[in-house]
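Given below as structure tokens:
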């Protein structure tokens with residue numbers, strides 16, 4: 001589903017990804033772990049198409065398409081969802097309006113009918129409830145005044161509403177307490193665990209992986225995958241640290 | 248019209264498009280005279296017209312304990328000017344929410360003079376400008392507090408968003424205070440769309456122009472939250488949206 005081959009990328013002319021190769025087949029959840037500065041967030045942003053993250057070599061194929069040739073909004077319409085490590089606040093724009101306009105823009109791009117106001121509210125209400133979030137919060141400006149945990153939940157509400165084919169989740173577990181972690185993890189399983197979907201889960205910790213059992217775990221170090229294994233690799237990392245495992 | 252045609256030397260016309268002004272000068276209406284009687288509460292919505300040049304002026308008196316809210320949207324494609332002079336008497340309350348939204352070569356300006364001539368009055372001005380192309384948007388706002396006008400509270404919040412390199416914003420809140428026990432806050436900022444917000448919106452599937460327009464709605468539309476009449480509020484919202492969408496193209 002997602003094929004990354006020999007990816008090199010720079011940020012402000014500084015090489016961050018140095019030949020990263022990774023394949024996530026449909027129906028699988030892969031975790032990427034690694035020390036600070038390994039390039040985890042850069043990978044997420046490169047996949048999302050963030051300006052300033054320049055691909056200098058390599059390729060990324062998403063469902064048979066050249067992902068890197070698409071603009072960020074076209075990637076979303078193609079079914080890619082980027083869960084932000086630090087979800088952005090947008091004063092003056094309600095979450096309802098933001099998500100609805102985004103979803104309808106995606107649907108237009110795919111040649112699908114737009115959702116009416118009533119259809120959207122029904123959907124939003126259901127997704128918010130699944131994630132234990134008061135639907136009233138969706139009437140407030142996007143992420144403004146939300147706690148770290150609420151912002152991450154809101155990311156999952158958006159993912160639930162948009163139903164992407166593939167999600168790149170950048171440290172979705174950071175800033176969550178144990179209960180919120182369970183809810184968010186269950187959300188990822190419910191929304192994305194399907195034979196025709198996939199997830200790339202970027203995380204520092206084992207905790208989230210106890211809830212969202214990954215099919216594969218990869219260790220990212222200095223911009224490339226240095227080890228891959230099954231879920232047990234995450235436990236090994238937790239026990240022994242990156243320095244040992246990545247060596 | 249006996250008033251001589253202004254020159255750029257006059258501060259209130261420093262950033263004006265005088266050629267455009269000249270084109271309407273002969274037919275310009277005298278400033279509208281508005282008096283809000285003591286303790287009454289009024290409000291006005293000033294919607295833009297289709298005219299390329301729009302100049303509107305008002306001279307207003309708020310009598311004791313009167314309240315007046317003005318909501319003004321400036322989207323003139325060539326030259327748009329709102330010029331308002333307000334005398335605020337004892338305990339009166341003036342609020343002014345206004346926006347310039349212009350692209351192309353538009354010159355848009357909002358020129359206010361708020362004169363607190365008696366004690367205990369309040370004034371609150373909030374102005375937002377969104378400028379693209381080589382448009383110029385200005386706010387020249389003077390708050391004058393007379394010697395005996397103690398306990399006056401005057402506030403000016405002025406923010407501008409520049410979408411293109413050629414666009415210009417002039418923000419000039421000005422205070423002239425002769426009383427010694429007053430509160431006059433003012434803030435002015437000129438910025439660009441936040442790249443983090445923009446990328447967040449793009450990553451959710453909004454095409455660039457729609458993403459920008461939505462972020463700018465967040466910047467502007469709050470101005471109209473307190474319009475008492477829903478139809479008028481909607482008219483301002485819709486006119487603002489249409490103007491923003493044409494500016495981000």
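Protein chains in written order, with my numbering: chain A, 1 to 247; chain B, 248 to 496.
Where a beta carbon is used, it is the ideal one built from N, C-alpha and C, also for glycine.
Just so we're clear, the structure is a prediction, and the values are computed from it rather than from any experiment.
Residues of the segment 446–464 of chain B whose Cβ lies closer than 8 Å to any Cβ of chain A, in chain order: 446, 447, 448, 449, 450, 451, 452, 453, 454, 455, 457, 458, 461, 462 and 464.
Excluding residues up to 5 positions away in sequence, 55 and 60 lie with their Cβ nearer than 6 Å to the Cβ of residue 68 of chain A in the same chain. Under a 10 Å Cβ-count criterion, residue 280 of chain B is classified as exposed, with fewer than 16 other Cβ atoms of the shown protein chains found around its own Cβ. With respect to the 8 Å criterion, residue 131 of chain A and residue 185 of chain A are not classified as neighbours on the basis of their beta carbons.
Shortest Cα-Cα distance from residue 30 of chain A to any of A:229, A:245 and A:145 involves A:229.
Selection B:320, B:420 and B:430 evaluated against residue 296 of chain B yields B:320 as nearest (Cα-Cα). Where residue 272 of chain B is concerned, the enclosing alpha helix (DSSP H) starts and stops at 265–272. In summary, residue 338 of chain B is buried, with 16 or more beta-carbon neighbours lying within 10 Å of its beta-carbon over all protein chains present. Taking 9 Å as the cut-off between beta carbons, the residues of the segment 71–86 of chain A near chain B are 71, 72, 73, 74, 75, 76, 77, 80, 81, 82, 84 and 86, in sequence order.
Beyond the five residues adjoining it in sequence on each side, residue 113 of chain A comes within less than 8 Å, by CB distance, of 107 in the same chain, given in chain order. By the Cβ-count criterion, residue 14 of chain A is exposed, with fewer than 16 other Cβ atoms from all chains shown falling within 10 Å of its own Cβ. A distance of 8 Å or more separates the beta carbons of residue 373 of chain B and residue 331 of chain B. In this model, residue 302 of chain B and residue 253 of chain B are separated by some 14 Å (Cα to Cα). Identification of residues in the segment 150–163 of chain A having a C-beta nearer than 9 Å to some C-beta of chain B yields 158 and 162, given in sequence order.
Distances from the CA of residue 168 of chain A to each of A:71, A:118, A:122 and A:76 were compared; the closest alpha carbon is that of A:76.
In the three-state reduction of the DSSP assignment, residue 484 of chain B falls in the helix class, which pools H, G and I. Between residue 102 of chain A and residue 496 of chain B, the C-beta gap is not smaller than 8 Å, which leaves the two residues out of contact. Taking C-alpha positions only, residue 396 of chain B is separated from residue 370 of chain B by approximately 13 Å. For the pair residue 149 of chain A and residue 176 of chain A, the Cα-to-Cα distance works out to about 5 Å. Partner residues in a beta bridge of residue 36 of chain A, as assigned by DSSP, do not exist.
Inter-segment contact for the segment 272–289 of chain B and the segment 256–263 of chain B is absent: fewer than three beta-carbon pairs are separated by less than 8 Å. Taken in chain order, the members of the segment 43–54 of chain A whose beta-carbon sits within less than 9 Å of a beta-carbon on chain B are 45, 48, 49, 50, 51 and 52.
Counting only residues of its own chain and dropping the five nearest sequence neighbours on each side, residue 164 of chain A has a CB closer than 7 Å to the CB of 79, 80 and 81. Remark: C-beta atoms of residue 449 of chain B and residue 442 of chain B do not approach each other more closely than 8 Å. Going by C-alpha positions, residue 294 of chain B is about 31 Å away from residue 367 of chain B. Residue burial annotation: residue 95 of chain A is buried, with at least 16 other C-beta atoms found within 10 angstroms of its C-beta. In this structure, DSSP gives residue 104 of chain A a helical state, which the three-state scheme calls helix. Under the three-state reduction of DSSP, residue 408 of chain B is assigned to strand. Per DSSP, residue 347 of chain B is one residue of the beta strand (DSSP E) stretching across 340–349. Burial is judged here by how many other beta carbons sit within 10 angstroms of a residue's own beta carbon; residue 23 of chain A has fewer than 16 and is exposed.
Within the same chain, Cβ atoms closer than 7 Å to the Cβ of residue 10 of chain A are found at 16, 54 and 56, the five residues on either side in sequence being excluded. The Cβ of residue 88 of chain A sits closer than 8 Å to at least one Cβ of chain B. Setting aside the 5 residues that flank it on each side, residue 269 of chain B is surrounded in the same chain by 252, each with a C-beta closer than 8 Å to its C-beta; the list follows chain order.
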